[in-house]
Structures are given as structure tokens and as C-alpha cells.
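Last residue of the sequence shown? That's 764 in this note's numbering, and every number before it is there in order.
Right, one structure below, let's go through it.
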Amino acid sequence: PLPKGEGVFQQPPREVLLDTNVLVYAHNEDAPQHRAAKALRDDALDGRIRACLAHQNLLELFAVVTNPRRVERPLSPVMARDLADLYLAQPAFRLIHPTEETSAWLLGLLKEVPVRGARVFDLFLAATMLTNGVTAIATFNGADFSRVPGISVFEPGDP
606 PLPKGEGVFQ QPPREVLLDT NVLVYAHNED APQHRAAKAL RDDALDGRIR ACLAHQNLLE
666 LFAVVTNPRR VERPLSPVMA RDLADLYLAQ PAFRLIHPTE ETSAWLLGLL KEVPVRGARV
726 FDLFLAATML TNGVTAIATF NGADFSRVPG ISVFEPGDP
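Here it is as C-alpha cells:
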């Protein structure tokens, strides 16, 4: 099971998506962001906040934690799969999916928020959120989402 800890939100949004970097840092005890990320993840596990994840987050989690260029101590593919499975098994996290409208939302966002390269995946995540009624994201990369209309950005550790 995922370990639990202290809370971080004083007034939580209705529901917040935990960005992949929050999941990575929650498990990487060497990261300076570990404590804040773990506290936020634990708030969700303990039911203090309503949190969700997207399939994209779990794919990105696997990609990051198995990559020795991204983390100092990468996990084996089996361990990374088991970690993703732990999140899938947690009733505390609603799993959101791209809908039939997500691609159209993405194209609309691309008109409003010009991006290049891999940044398109952040917009796809935002489109997935918005088409599932999720308007808040907790992330350590706030700049990736701050220009997306309809999305509120929270950095773990902020009151």
C-alpha cells in the first residue's frame, strides 16, 4: 500500500488532478520536492482532498521512474508497473480518460496557447481534464499550465 502522511491544502479545490511530477516526487525521497509531493498525495489517500489521475499520468510515471537520465535510482519495469498498479487500485483517485470531445478541446487550446514539441502533451492533459470537469492541477511545473484557460494551478506546499 501507499504510505500516508500530513495534509497540505487549507481550502482544497473541488477536485484536483495530480500531475506526474507530483507522483514522481512523492516516491523519490532524494528529491527536494518529496515532502510536499508526498503530503499532497497523502491528502488524497486520506480523503482530505478529491484527487484524480489521467491515464497519461500513469504512462508518464512509468517513463520517468524507469529512465536513469530522469531519476538517480530508476525502478525496474516490473517495479514501475506495480507502482502504477497501486495508483489504479486506489479508490481515492478517480481515473479520468480522454473523451470524444478531448481532441476538439485540444485543437481549440492549441489556437489559444501556442506550444512546440512535447509541450503538446501538457495541453492534451489539460484538454482531458477540462472534458472531465476537472479545473485544478497540482504540479511543480506551473508554467506548463498557467496559460491554459479554465485551469487553476496549485504548487504542492502552497497554502
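Backbone N, C-alpha and C fix where the C-beta goes; we use that ideal spot for every residue, glycine too.
Nothing here was measured: the structure is a model prediction, and the numbers come from that model.
- Residue 716 counts as exposed, since fewer than 16 other beta carbons sit within 10 angstroms of its beta carbon.
- Taking the C-beta atoms as reference points, residue 673 is found nearer than 7 Å to residue 679.
- Straight-line spacing of the CA atoms in residue 665 and residue 625 works out to 6 Å.
- Its chain contains 733 as the residues whose beta carbon lies nearer than 6 Å to that of residue 703, once the 5 sequence neighbours on both sides are disregarded; these appear in chain order.
- Of all alpha-carbon atoms in 749, 629, 642, the one lying nearest the alpha-carbon of residue 663 is that of 629.
- Membership of residue 708 in the alpha helix (DSSP H) is indicated by the continuous run 707-717.
- Its Cα nearest to that of residue 708, the residue 726 stands out among 696, 641, 726, 722.
- Within the model, the alpha-carbon separation for residue 653 versus residue 723 is close to 33 Å.
- Assigned with DSSP and collapsed to three states, residue 725 falls in helix.
- Contact between residue 729 and residue 700 is ruled out by a C-beta separation of about 16 Å, above the 8 Å threshold.
- Excluding its 5 nearest sequence neighbours in each direction, residue 737 has C-beta neighbours in its own chain below 6 Å: 701, listed in chain order.
- Comparing alpha carbon positions, the residue from 639, 761, 621 closest to residue 746 is 761.
- In this structure residue 714 is in contact with residue 753, their Cβ atoms being roughly 6 Å apart against a cut-off of 8 Å.
- Only residues of its own chain outside the window of five on either side were considered, and among them 679, 680, 682, 685 have a CB closer than 7 Å to the CB of residue 671, listed in chain order.
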